[in-house]
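Trainee: Heads up: the sequence lines are chains A and B, in that order.
The opening position of the first sequence corresponds to residue 393 in the working numbering, with each subsequent residue numbered one higher.
The opening position of the second sequence corresponds to residue 3 in the working numbering, with each subsequent residue numbered one higher.
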Amino acid sequence: MSSRPRVSVPATAASGDIIEIKALISHTMESGQRRDASGNRIPRKIINAFACTFNGEPVFSCAIEPAVAANPFLSFSARVTESGTFRFTWTDDDGSVFEAEEAIEVS
Amino acid sequence: MIQATRRHVLTLTAGAVAAFAGGAIGIAPARADEEAFQAAIRDFTGGVEPQAGRVTLTLPDAVENGSSVPVSVAVESAMSDGDLVEEVAIFADGNPLPGVAAFAFTARSGVASAGTRIRLAQSQTVVAVARFADGSVFMDSRSVEVTVGGCAA
Chain A
393 MSSRPRVSVP
403 ATAASGDIIE
413 IKALISHTME
423 SGQRRDASGN
433 RIPRKIINAF
443 ACTFNGEPVF
453 SCAIEPAVAA
463 NPFLSFSARV
473 TESGTFRFTW
483 TDDDGSVFEA
493 EEAIEVS
Chain B
3 MIQATRRHVL
13 TLTAGAVAAF
23 AGGAIGIAPA
33 RADEEAFQAA
43 IRDFTGGVEP
53 QAGRVTLTLP
63 DAVENGSSVP
73 VSVAVESAMS
83 DGDLVEEVAI
93 FADGNPLPGV
103 AAFAFTARSG
113 VASAGTRIRL
123 AQSQTVVAVA
133 RFADGSVFMD
143 SRSVEVTVGG
153 CAA
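1. Tell me whether residue 47 of chain B sits in a helix, a strand or coil according to DSSP, three-state version.
2. Compute the distance between the beta-carbons of residue 100 of chain B and residue 54 of chain B, then report whether it is under 7 Å.
3. Could you name the residues of chain B that residue 397 of chain A contacts, counting a contact when the two beta carbons are closer than 7 Å?
4. If you run the structure through DSSP and keep just helix, strand and coil, what is residue 457 of chain A?
5. When you compare each of B/131, B/140, B/107, B/152 to residue 123 of chain B by their alpha carbons, which one comes out closest?
6. Grouping DSSP H, G and I as helix and E and B as strand, with all else coil, what is residue 398 of chain A?
7. Three or more C-beta pairs under 8 Å: does that hold for the region 61-72 of chain B against the region 409-425 of chain A?
8. So, for residue 449 of chain A: in the same chain, excluding its five sequence neighbours on each side, which residues have a beta-carbon less than 7 Å away from its beta-carbon?
9. Start and end of the beta strand (DSSP E) containing residue 97 of chain B?
10. So what does DSSP say about residue 53 of chain B, is it helix, strand or coil?
11. Rounded to whole angstroms, what is the Cα-Cα separation between residue 43 of chain B and residue 415 of chain A?
12. What are the partner residues of residue 481 of chain A, as DSSP defines its beta bridges?
13. Between the region 82-102 of chain B and chain A, which residues of the former have a C-beta closer than 7 Å to a C-beta of the latter?
14. Verify whether the separation of the beta carbon atoms of residue 105 of chain B and residue 90 of chain B is less than 7 Å.
15. Would you mind giving the Cβ-Cβ distance between residue 478 of chain A and residue 446 of chain A, rounded to the nearest angstrom? I have them listed as a contact below 8 Å.
16. Please name the residue in B/137, B/109, B/116, B/50 whose C-alpha comes closest to that of residue 61 of chain B.
17. Do you know how far the Cα of residue 114 of chain B is from the Cα of residue 2 of chain B?
18. Counting only beta-carbon atoms, is residue 139 of chain B nearer than 7 Å to chain A?
19. Nearest-angstrom Cα distance between residue 417 of chain A and residue 466 of chain A?
20. Along chain A, in chain order, which residues have C-beta atoms closer than 7 Å to that of residue 113 of chain B?
21. Have a look at residue 145 of chain B and residue 133 of chain B and give me their C-alpha separation to the nearest angstrom.
22. Roughly how far, in whole angstroms, is the beta-carbon of residue 141 of chain B from the beta-carbon of residue 109 of chain B, given that I think they are within contact range, below 8 Å?
23. With C-beta atoms as the reference, is residue 411 of chain A less than 7 Å away from residue 402 of chain A?
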């Protein structure tokens with residue numbers, strides 16, 4: 393059904409580097425546009441927001457609509473100047489929040 | 003006679019294709035109306051007229067399946083004080099709803115670029131609109147041919 397977040401962050405980087413981050417979560421992203429066999433609309437249930445912070449500071453976030461494909465994938469960048477931890481959150485329409493963390497060593 | 007001849011198979015296939023095409027015409031996918039599409043962009047820009055340039059939207063010219071189409075956007079910006087992209091929103095004029103996703107950047111993003119995978123209900127135009135911290139707005143658009151729509155899938 394939902395929620396096994398996977399993120400890809402380089403283990404190490406040099407200070408000032410811009411790194412690429414990829415984030416994916418398993419989720420059906422039910423759009424609210426589909427109908428079941430008896431013609432009733434299947435209620436919307438999507439991941440509607442994603443956010444990434446580094447050592448508590450916002451890096452990137454995304455507002456997500458039903459037009460984003462199932463198992464929503466995001467790629468984005470971050471400039472790193474110190475070692476620390478990226479924290480990722482995905483918010484479901486039902487209020488659940490899924491989380492992941494990745495540390496990076498910056499020299 | 004059970005054995006299907008090549009001609010039979012071809013006839014059946016053609017029939018199935020025709021039936022499918024007919025069905026597709028009968029239930030055309032819902033499309034956001036032009037006014038809703040323009041209103042969504044206006045809400046995002048705050049009424050500022052988007053300029054051409056600085057934004058590069060990348061997605062395929064044609065896809066067989068609209069259920070997962072890779073899209074990425076990159077905006078020319080120093081991503082520091084005075085030249086900062088705050089947010090980039092993606093809109094699609096042929097989906098049931100015009101909004102697709104909105105990427106919010108900070109100076110810690112390093113560069114204003116991001117990618118995702120989207121659903122496209124039919125052939126249409128996809129637009130990326132970038133709003134800078136100084137209030138200026140830039141955009142890019144691409145049209146994409148979709149063989150099988152992805153919203154009802």
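All C-beta atoms, glycine included, are put in the ideal place defined by N, C-alpha and C.
Bear in mind that the values here come from a model prediction, so they are computed numbers and not experimental data.
Mentor: Taking the coordinates as given:
1. Within the second sequence, residue 47 of chain B is the residue found at index 45, counting from 1. Three-state result, residue 47 of chain B: helix.
2. Counted from its first residue, the second sequence places residue 100 of chain B at position 98. Counted from its first residue, the second sequence places residue 54 of chain B at position 52. For the 7 Å CB-CB criterion, residue 100 of chain B and residue 54 of chain B do not form a contact.
3. Along the first sequence, read from residue 1 onward, the residue named residue 397 of chain A stands at position 5. Within chain B, no residue comes near residue 397 of chain A; the closest Cβ sits about 15 Å away, beyond 7 Å.
4. The residue labelled residue 457 of chain A in the question sits at position 65 within the first sequence. Under the three-state reduction of DSSP, residue 457 of chain A is assigned to coil, being neither helix nor strand.
5. Taking the first residue of the second sequence as 1, we reach residue 123 of chain B at position 121. When each option's Cα is compared against that of residue 123 of chain B, the closest is B/152.
6. Position 6 of the first sequence, counted from the start, is the residue given in the question as residue 398 of chain A. For residue 398 of chain A, the secondary structure class from DSSP, reduced to helix, strand or coil, is strand.
7. Touching, no.
8. Numbered from its first residue, the first sequence carries residue 449 of chain A at position 57. Within its own chain, no residue has a Cβ closer than 7 Å to the Cβ of residue 449 of chain A once the five positions on either side in sequence are excluded.
9. As a working mapping, residue 97 of chain B is identified with position 95 in the second sequence. In this chain, residue 97 of chain B is not harboured by any beta strand (DSSP E), its DSSP state being neither H nor E.
10. Reading the second sequence from its first residue, position 51 is the one you call residue 53 of chain B. The answer is strand: DSSP assigns residue 53 of chain B an E or B state.
11. Stepping through the second sequence from its first residue, residue 43 of chain B is reached at position 41. Stepping through the first sequence from its first residue, residue 415 of chain A is reached at position 23. Straight-line Cα distance between these residues: approximately 27 Å.
12. Numbered from its first residue, the first sequence carries residue 481 of chain A at position 89. For residue 481 of chain A, the beta-bridge partners assigned by DSSP are A/443, A/491.
13. Sequence-ordered contacts of the region 82-102 of chain B with chain A read 94, 97, 98, 99, 101, 102 [C-beta pairs closer than 7 Å].
14. Taking the first residue of the second sequence as 1, we reach residue 105 of chain B at position 103. Taking the first residue of the second sequence as 1, we reach residue 90 of chain B at position 88. Yes, the Cβ-Cβ distance between residue 105 of chain B and residue 90 of chain B is below 7 Å.
15. The count along the first sequence starts at 1 and reaches residue 478 of chain A at position 86. The count along the first sequence starts at 1 and reaches residue 446 of chain A at position 54. Right, their Cβ atoms sit about 5 Å apart.
16. Along the second sequence, one-based indexing puts residue 61 of chain B at 59. Measuring from the Cα of residue 61 of chain B, the nearest candidate turns out to be B/116.
17. Any answer about residue 2 of chain B is impossible in this case: the structure gives chain B only from 3 up to 155.
18. Taking the first residue of the second sequence as 1, we reach residue 139 of chain B at position 137. For residue 139 of chain B, not one C-beta of chain A is nearer than 7 Å to its own C-beta.
19. In the first sequence, counting from the first residue as 1, residue 417 of chain A sits at position 25. In the first sequence, counting from the first residue as 1, residue 466 of chain A sits at position 74. The C-alpha of residue 417 of chain A lies about 9 Å from the C-alpha of residue 466 of chain A.
20. Against the second sequence, residue 113 of chain B aligns to sequence position 111. Per Cβ cutoff of 7 Å: 410, 469.
21. Against the second sequence, residue 145 of chain B aligns to sequence position 143. Against the second sequence, residue 133 of chain B aligns to sequence position 131. About 21 Å.
22. Counted from its first residue, the second sequence places residue 141 of chain B at position 139. Counted from its first residue, the second sequence places residue 109 of chain B at position 107. In fact, because the Cβ distance is near 22 Å, the residues do not count as touching under 8 Å.
23. For the purposes of this step, residue 411 of chain A is taken as residue 19 along the first sequence, with counting starting at 1. For the purposes of this step, residue 402 of chain A is taken as residue 10 along the first sequence, with counting starting at 1. Taking 7 Å as the cut-off, the beta carbon of residue 411 of chain A is found closer than this to the beta carbon of residue 402 of chain A.
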